[in-house]
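Report on the following structure.
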Amino acid sequence: MCGIIGYTGGSEALPVLIQGIRLLSYRGYDSAGVSVWRDGTLHVRRDPGRIEDLAPNWDPDTLAGTTGIGHTRWATHGVPNRVNAHPQPGGEGAVALVHNGIVENDLALRAELEAEGVEFASDTDTEILAQLFARAYDGDPVAAARTLLARCRGQFAVAIQHHDLPDTILAVRRGSPLLVGLGVRENLVASDLRPLVGRADRVIELAENDIAVVTPTTVVVHDESGAVVERAIAPIDHAVRDIGKDGYPHFMLKEMHEQPSRLYELVAARVDPEGTTLRFDDLGLDDDDWRRFQRIDLVGAGTGFHACQYGAYVLETLARIPARAVMAHEYGARDPVLGPDVLVIAVSQSGETMDTKVALQPALDAGAATLGVLNVRQSVIGRMVGGVLDMHAGPEIAVASTKAYTSMLTALLLLALKAAQARGRTQETLQPVAQALWELPAAVTRALERFEDAAQAARDIRRADHMLFLGRGADAVTALEGALKMKEISYIHAEGYPAGEMKHGPIALISREVPTVAIATPGPWRERMLGNVREVKARDGEIIVVATEDDADARALADFVLTVPALHPLVAPVVNVVPLQALAYETARLRGCDIDQPRNLAKTVTVQ
Ligand code: M6R
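This is the structure in structure tokens:
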């Protein structure tokens with residue numbers, strides 16, 4: 076979703092801004108732009124399209140200057156075109172402003188400004204911020220920024236330039252994250268860490284309602300009242316430096332192949348090889364807490380929600396605690412019954428997803444215990460929750476989540492084991508599951524070695540318009556995740572269903588033109604899954620089955636078999652999704668889709 080970069084220092088701003096935009100691209104965007112101050116004028120270029128195509132047309136002479144701001148826009152208010160792209164002008168070019176987030180009272184503010192004679196060029200809420208700032212500015216940028224905070228509702232992170240203020244960027248933060256990077260005689264503003272790495276060595280994370288006035292040699296932070304405040308300065312984590320594709324054609328493929336090592340790291344951090352000792356002292360929950368909880372609610376979105384469904388399943392099965400998964404955006408709406416005996420777990424790769432952040436609020440208000448299963452500890456959600464279970468997936472760049480998903484499942488299964496142990500489940504019940512977790516890295520490696528099987532199946536289904544994915548028990552969620560991967564990156568309409576539901580409606584869709592994928596690995600539900608496979612065959616449907624290597628029944632029934640090693644049925648969903656990731660990847664590749672940045676999607680959804 077949208078990204079912000081700003082630079083002020085001794086170098087030309089344009090190359091820094093273009094590089095920043097490149098590094099922000101992974102978030103997903105449909106237009107980009109820059110503004111550079113020179114000789115009392117803000118020179119702006121902005122266009123729809125990808126930075127690779129736009130940057131060659133941004134003339135370095137016209138855009139010469141050492142202070143500027145840049146932006147990647149993911150359209151919310153108005154189509155992706157030049158006039159709606161950022162920076163948005165205010166006060167007939169006196170102001171250039173870039174914005175992440177949403178102004179919720181935009182219509183009222185627009186009407187008010189129009190009544191005062193302001194003519195809007197764009198459909199954006201961002202132009203309202205730019206015009207409001209321009210009208211409020213009378214030589215004091217902090218006072219004008221305070222007007223934005225006072226008048227606008229919603230979440231917004233903005234970077235602003237004013238033509239009267241050479242070498243100056245104003246950064247204002249409410250709701251959406253915003254950082255100030257500190258370098259040597261140069262400073263930067265950015266919505267996440269990536270564009271800062273390599274230029275800045277320290278970072279200030281602006282707090283809620285902060286206003287920062289940034290020049291090449293000074294950073295002064297004010298709170299909402301205008302008072303100057305001190306904010307902590309942290310060293311930049313250079314681990315995020317130089318994230319490349321390591322020779323893979325796509326980040327998604329690279330990230331799929333990172334799964335074995337990521338899972339090893341996660342399992343090794345939490346359980347011993349014998350599967351007897353679980354280490355969870357860092358979560359702020361002790362055994363009494365696990366015994367006291369009457370219910371666990373898991374909230375997340377997209378792939379995170381699928382992980383929540385799996386988490387609820389294993390928590391209930393192993394730890395015998397009532398647990399449910401709720402889509403984050405629906406959680407507040409149902410007015411959940413909450414109190415100190417409820418644990419609410421937010422599952423999010425980025426830790427920034429607005430829906431998930433908002434879902435946590437009622438839990439915090441009611442004094443419920445909270446936990447984040449996160450890939451970014453230092454994130455908005457990371458700071459809200461009582462404890463963080465780090466999923467150890469490492470930076471995930473491809474929009475379609477792969478390694479974060481398998482890490483989420485594994486982290487939740489480890490947590491369920493911990494809860495089960497604290498609640499007195501026997502070692503005989505838990506140890507086989509814990510030991511099976513250690514088999515995951517090798518099992519996922521083996522599933523990845525069978526990539527060519529997925530490629531073959533993909534050649535067959537590449538022209539399909541619709542697909543069905545079916546699974547049961549713990550693998551019902553694998554069906555949902557497989558369908559999501561397929562629709563996200565190949566744009567084939569794919570439905571995921573718990574297979575028991577098939578006879579209640581979806582079976583009407585079965586035909587030769589609608590391929591079905593069925594997950595039928597060993598476990599209490601395998602026989603019934605094979606029953607579903609037969610039902611598809613009987614209706615002349617094409618069928619791809621995920622099965623173990625020795626499964627003769629599956630081979631006899633299926634058009635294609637995607638094989639995985641046999642694992643404990645509660646652990647198997649972690650490996651069973653791997654061939655479905657591969658199937659989606661290969662299908663998208665054959666269809667010529669933009670695999671890492673699928674159309675309309677953003678990596679991090681920072682608006683509700
Ligand atoms: O960062 P989060 O895990 O909170 O993101 C939630 C969803 O937006 C995300 O999982 C989305 O569904 C992915 N594109 C799935 O591949």
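To get my numbering, take the position in the sequence shown, counting from 1, and add 75.
Virtual Cβ for every residue (Gly too), placed ideally from N, Cα, C.
Burial state of residue i, where buried means 16 or more other Cβ atoms lie within 10 Å
| i | result |
| --- | --- |
| G580 | exposed |
| Q502 | exposed |
| V111 | buried |
| L182 | exposed |
| G256 | buried |
| K493 | buried |
| T137 | exposed |
| E427 | buried |
| Q105 | First, the amino acid is wrong: residue 105 is Asp here, not Gln. Classification of D105: buried, given that the 10 Å Cβ count is 16 or more. |
| S482 | buried |
| N675 | exposed |
| V412 | exposed |
| D528 | buried |
| R609 | exposed |
| Q424 | buried |
| A491 | buried |
| E333 | buried |
| T596 | buried |
| K578 | exposed |
Pick from the options that is closest to residue i, judged by C-alpha positions
| i | options | result |
| --- | --- | --- |
| D276 | P470, R260 and L492 | R260 |
| K678 | A631, G377, T485 and D465 | G377 |
| A539 | R587, A551 and R547 | R587 |
| Q453 | T481, A309 and R409 | A309 |
| L446 | L390, V552 and G457 | G457 |
| E87 | A190, I126, G78 and L263 | L263 |
| R525 | L490, P640 and D347 | P640 |
| E514 | G78, R370, P470 and V342 | V342 |
| L117 | Q236, E299 and A595 | Q236 |
| A139 | A186, E556, P90 and E127 | P90 |
| P644 | K612, A387, P507 and L271 | P507 |
| G250 | A473, I585 and M459 | M459 |
| D626 | I594, L268 and Y323 | I594 |
| V389 | G273, T485, P270 and A629 | T485 |
| G78 | A234, L184, R120 and A169 | A234 |
| L353 | L489, D440, R399 and G301 | L489 |
| G145 | L98, N284, D362 and A186 | L98 |
| A549 | G375, H404 and V650 | V650 |
| L632 | D615, A438, D440 and V646 | D615 |
6 Å Cβ shell around residue i - same chain, five flanking residues per side excluded
| i | result |
| --- | --- |
| A495 | L393, A394 and L505 |
| P590 | I536, A539, M542 and E617 |
| F635 | A532 and I619 |
| N180 | R228 |
| L559 | none |
| P415 | G442 |
| V552 | H381, Q384 and Y385 |
| Q510 | G350 |
| F355 | K493 |
| E340 | H467 |
Integer Cβ distance of residue i from residue j, believed to fall under 8 Å
| i | j | result |
| --- | --- | --- |
| A232 | P252 | 6 Å |
| T638 | T623 | 7 Å |
| L464 | V448 | 5 Å |
| V401 | D364 | Actually they are not in contact, since the Cβ atoms of V401 and D364 sit about 21 Å apart, beyond 8 Å. |
| G407 | V433 | 6 Å |
| M331 | K562 | No, M331 and K562 are not in contact; Cβ-Cβ is about 18 Å, not under 8 Å. |
| V346 | L512 | 6 Å |
| I567 | M327 | In fact, because the Cβ distance is near 16 Å, the residues do not count as touching under 8 Å. |
| P270 | I472 | Actually they are not in contact, since the Cβ atoms of P270 and I472 sit about 14 Å apart, beyond 8 Å. |
Own chain partners of residue i with C-beta closer than 8 Å, once the 5 adjacent residues on each side are dropped
| i | result |
| --- | --- |
| V682 | M76, T151, G176, I177, Q230 and M429 |
| G575 | R547 and R603 |
| L188 | F195, I203, Q206, L207 and R210 |
| Q163 | A171, L172, V173, H174, S197, T199, T201, E202, L204 and A205 |
| D242 | T83, W112, T141, T142, T290 and P291 |
| Y122 | What sits at residue 122 in the sequence shown is Asp, not Tyr. So the list reads S106, A107, G108, L129, N132, R157 and A160, once near-sequence residues are dropped. |
| A659 | A475, G557, K560, M561, E563, I564 and S565 |
| P397 | Q369, R370, I371 and E391 |
Neighbour flag for residue i against chain B, beta carbons, 9 Å
| i | result |
| --- | --- |
| L512 | Although the question refers to chain B, the structure presented lacks it and comprises just one protein chain. |
Chain-order list of residues whose beta-carbon lies under 7 Å from that of residue i (same chain, five-residue window excluded)
| i | result |
| --- | --- |
| V288 | P216, V217, T243, L245 and V295 |
| G103 | M76, W149, V474, Q672, L676, A677 and K678 |
| P648 | Y385, L484, A549, D550, V552 and T553 |
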